[in-house]
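For the sequence shown, our numbering begins at 2 and goes up steadily by one.
One structure is given here, and the rest of the page talks about it.
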Amino acid sequence: MNNILKINKNKKVKHFFILFVLITHMSCIKDIDFSQAEDIEITPVIVASLVYANLDQTSLVTPTGIEIARIREVSRLEVFNNEGAEDLNKIELNFEINNPFDRNFKLNFNFLDENNAVTYRVTSINIPKNTQTFNFQEVIDVLSNSSILNSTKIELILELLPSSDGTVIDINEPKKFTFKSAGTLYFKIN
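As structure tokens, this is what we get:
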């Protein structure tokens, strides 16, 4: 009986050894082409909030009833202050505006450098009166507008346009003008 166990055990070892040799000698081996790594293109996308403003009627009219025709706000912009900015390919700016007032507005949105020089000027946005969720989009090709990479600030200029009948915004009627902006940054890394 011990002999039978030894024979079966030897057969199992022999079969395993033959199978191992066959697998290792018959497997496919292909040379690795490391030059393919040069063809890899990574395209990350980052969405960043830029400016948010919430203005009520008291921000647009003085306590004595005189309308404030122009509001200017400048904010710091840190997006382009890193090495990755050189791989920036495209910027998609999205604006969402809610204007509940019975008045038209004009919005100018500019990118500025450290000396307050304009590096990129977004198309002026005319905002109709009594508009809920007004959307505007502008796409910037960074290769054609590379000076935008020198931007360190964002300038927002909101102009309250005169009424056609001479009326003034009622300071006692609560309303809020809301402005939201975001930038989608498209990178291309080779």
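All C-beta atoms, glycine included, are put in the ideal place defined by N, C-alpha and C.
Contacts around residue i, its chain only, beta-carbon distance under 6 Å, and the 5 residues preceding and following it disregarded
i: residue 70; result: 161
i: residue 95; result: 138 and 183
i: residue 150; result: 81 and 86
i: residue 135; result: 98 and 128
i: residue 146; result: 121
i: residue 187; result: 46, 90 and 91
i: residue 185; result: 48 and 93
i: residue 158; result: 73 and 109
Contacting residues, own chain, Cβ-Cβ under 8 Å from residue i (five flanking each side not counted)
i: residue 102; result: 58, 61, 130, 131, 170, 176 and 178
i: residue 125; result: 107, 108 and 109
Residue interval of the beta strand (DSSP E) (run including residue i)
i: residue 94; result: 89 to 100
i: residue 120; result: 119 to 122
i: residue 181; result: 177 to 188
i: residue 73; result: 71 to 77
Rounded straight-line distance, which links the Cα of residue j to that of residue i
i: residue 144; j: residue 55; result: 34 Å
i: residue 164; j: residue 106; result: 10 Å
i: residue 44; j: residue 65; result: 54 Å
i: residue 6; j: residue 41; result: Bear in mind that the predicted position of residue 6 carries a pLDDT of just 44, short of 50, making it too unreliable to give a figure here.
i: residue 76; j: residue 148; result: 18 Å
i: residue 174; j: residue 133; result: 17 Å
N- and C-terminal bounds of the alpha helix (DSSP H) containing residue i
i: residue 60; result: 58 to 61
Best match in the options for proximity to residue i [C-alpha to C-alpha]
i: residue 190; options: 113, 90 and 148; result: 90
i: residue 114; options: 155, 53, 63 and 167; result: 155
Uninterrupted beta strand (DSSP E) stretches inside the stretch 102 to 181 (no shorter than 3 residues):
106 to 113, 119 to 122, 126 to 128, 132 to 142 and 154 to 161
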